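Read the structure below first, then the notes.
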Amino acid sequence: MRFLITYLIGLVFGTGIMISGMANPAKVLNFFDVAGSWDPSLALVMGGALLVTFFGYRWSFSRAKPLFANKFSIPTRKDLDTKLIGGSMIFGIGWALAGFCPGGALPAIGTGKIEVFIFIASLVAGIYSTKLARLSRKIAA
Amino acid sequence: MTTEFTPYASLAGGLLIGLAAVLLMLSNGRIMGATGILSGIIMPSSVAELSWKSILLMGMVSAPILLSLVFGYPAIVQVVSSTPMLVLGGLLVGIGGTLGGGCTSGHGVCGMARLSSRSIVATITFMISTTIAVYVLRHIIGL
């Protein structure tokens, strides 16, 4: 039951990504191209998603615990560090180069387009190498 | 390449993305962050993590297939970047998203909805960074 629901949640997310335009690099990049072929659509994606999540999370957190878990796993860190800011700057440059963000690209795998696979392969390499570097630093320390 | 302003489809898609984020929290108590989901499949810390993240990913990947088979809704994926740009872009998105602890879905939707200061700072930072980078790539370098 839990797995079926988790699968359906993935399906809802993927459907939202596909119809919103987040899986379309041309549309994503035009949102950022305010000096050129600007397409403001993505503001509505973000606004719509935030609206539902803002109220939905509040309602969820008013419950004692999730349906299939003992607790809500929510990040607790509040400090702002250089990794957060530097990482986000690097992320933005990558997003501008490819037009895909991870949330946009993952459902797009289902389209079978070769460009999506190229992006995902590099994305995996980027995540893997960063986590590996972090792990080896931890072991060295 | 110009794209058409699609307010209704984009708003509807955004509402569904939010709905999925809420349902994942309500059922599994987890943040719907794409970088974290992929990262947990590549290097899982437990079998439980690997299984729920893989199943979630299968659901995501099914979306364009079902949309086209059942509803005849065409998946629109117009790639405007060259292969080297896709490769470098993917690497930087992976490195930056991992260092920054999240991406558009994790920080931009889930974190912002919780009013997390880290997520608000991360989202503002990558939105500005992407805007500047797109400007430089398109209007200065001319790609």
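Keeping their order, the protein sequence lines are chains A and B. Numbering-wise (this note's numbering), the first sequence opens with residue 72 and increments by one. Numbering-wise (this note's numbering), the second sequence opens with residue 58 and increments by one. C-beta atoms are modelled at their ideal positions from N, C-alpha and C, and glycine is treated no differently. Note that the structure is a prediction, hence the values are computed from the model and not measured.
Under the Cβ criterion of 9 Å, Ser207 of chain A is not counted among the residues facing chain B.
Ala190 of chain B and Gly159 of chain B do not touch by the CB rule: their CB atoms are close to 19 Å apart, not below 8 Å.
Taking C-beta atoms as the reference points, Ser159 of chain A and Ser186 of chain B count as a pair closer than 9 Å.
Here the stretch 164–177 of chain B does not lie against the stretch 184–196 of chain A, with fewer than 3 beta-carbon pairs under 8 Å apart. Within chain A, the residues Gly165, Ser193, Leu194, Ala196, Gly197 and Ser200 have their CB atoms less than 9 Å from the CB of Leu148 of chain B, given in chain order.
The continuous stretches of alpha helix (DSSP H) do not include Tyr130 of chain B, and DSSP gives it neither H nor E. In the DSSP assignment, Lys149 of chain A falls outside any alpha helix (DSSP H), carrying neither H nor E.
Closest option to Ile122 of chain B, judged by alpha-carbon separation, among A:Ala179, A:Lys142, A:Ala196 and A:Gly157: A:Ala179. If only complete runs of 3 or more residues are kept, the stretch 160–211 of chain A shows no beta strand (DSSP E) anywhere. The beta carbon of Met169 of chain B is closer than 8 Å to those of Ser176, Ile177 and Thr180 in its chain, skipping five residues each way along the sequence. Listed by position along chain A, the residues whose Cβ is nearer than 7 Å to that of Ser102 of chain B form an empty set, because the closest Cβ is around 11 Å away.
Glu61 of chain B sits in coil when the DSSP states are folded into three classes, being neither helix nor strand. For Lys98 of chain A, the number of other beta carbons within 10 angstroms of its own is at least 16, and it is reported as buried.
With 16 or more neighbouring CB atoms inside 10 Å of its own CB, Leu73 of chain B falls in the buried class. Of the candidates B:Ser84, B:Val79, B:Met115 and B:Gly75, B:Met115 places its Cα closest to the Cα of Ile94 of chain B.
Taking all protein chains in view, the Cβ of Met89 of chain A is crowded by 16 or more other Cβ atoms within 10 Å, so the residue is classified as buried. With its beta carbon less than 9 Å from one in chain A, Gly75 of chain B belongs to the interface. Shown here, Met89 of chain A sits in a helix according to DSSP, grouped into three states. The Cβ atoms of Ser103 of chain B and Gly92 of chain A lie no closer than 9 Å to each other.
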